[in-house]
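Under the UniProt record's numbering, the letters of the sequence shown match residues 1 to 134, in that order. Quick notes on the structure that follows.
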Amino acid sequence: MNKSADVQGIDDCRVRLVNPERVASVNARMPGEDDIVDTADVFGLLGDPRRLKLLVALLDGELCVCDLAAITGLSESATSHALRLLRAHRVVSVRRDGRNAFYRLDDAHVRMLVDLAVAHTEHTDAIHPERSES
């Protein structure tokens, strides 16, 4: 028997509900569809390396757009655009001081999410076939 047939056989559910109580429990605590979509949007925002770099920079506290642009290597315009997206999804917040805008992570949940994501990648060796070692 070939391996692809073995793997496919593992994923085939012959019994529709093996543990109906557990399924009911998980369904009862499952967030609403709108919350799932909003959460997926946040992960989509974090999926862009440039935006993630902005968030990692903000782990140390608030910074102005100019400083964030210098840290990330983005133009001020691209930095402002990325920050607008992050602000629209309540990932960052802004404080204005005259003509300057200072951005910070919106709350402790965002800080924890970014911290955990970075910690996870620092202690794991992800498999990236596209990054072939020479």
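Even for Gly, the Cβ is constructed at its ideal location relative to N, Cα and C. Since the structure is predicted, the reported quantities are computational estimates derived from the model, not experimental observations.
Residue i Cβ short of 7 Å to the ligand MN heavy atom set
| i | result |
| --- | --- |
| V37 | What this structure holds is no ligand at all, so the ligand MN is not there to describe. |
Pair within 8 Å by beta-carbon distance, residue i and residue j
| i | j | result |
| --- | --- | --- |
| L54 | A82 | yes |
| V94 | A101 | yes |
| E76 | Y103 | no |
| H89 | D48 | no |
| R51 | L86 | yes |
| L45 | D115 | no |
Contact belief for residue i with residue j at Cβ below 8 Å, rounded distance in angstroms
| i | j | result |
| --- | --- | --- |
| V91 | D106 | 6 Å |
Boundaries of the beta strand (DSSP E) in which residue i is found, first to last residue
| i | result |
| --- | --- |
| A95 | Going by the sequence as given, residue 95 is Arg instead of Ala. Element bounds for R95: V92 to D97. |
Beta-bridge partners of residue i, as assigned by DSSP
| i | result |
| --- | --- |
| R104 | S93 |
| C64 | F102 |
Terminal residues of the alpha helix (DSSP H) in which residue i lies
| i | result |
| --- | --- |
| N27 | P20 to R29 |
| G44 | E33 to L46 |
| S77 | E76 to A88 |
| L17 | Counting along the chain, L17 falls outside any alpha helix (DSSP H), and DSSP gives it neither H nor E. |
| A57 | P49 to A57 |
is_contact[residue i, chain B] using C-beta, thresh 8 Å
| i | result |
| --- | --- |
| A82 | Note that chain B does not occur in the displayed structure, where there is just one protein chain. |
Residue i classed as buried or exposed, judged by whether at least 16 other C-beta atoms fall within 10 angstroms
| i | result |
| --- | --- |
| A69 | buried |
| V37 | exposed |
| T124 | exposed |
| V65 | buried |
| T121 | exposed |
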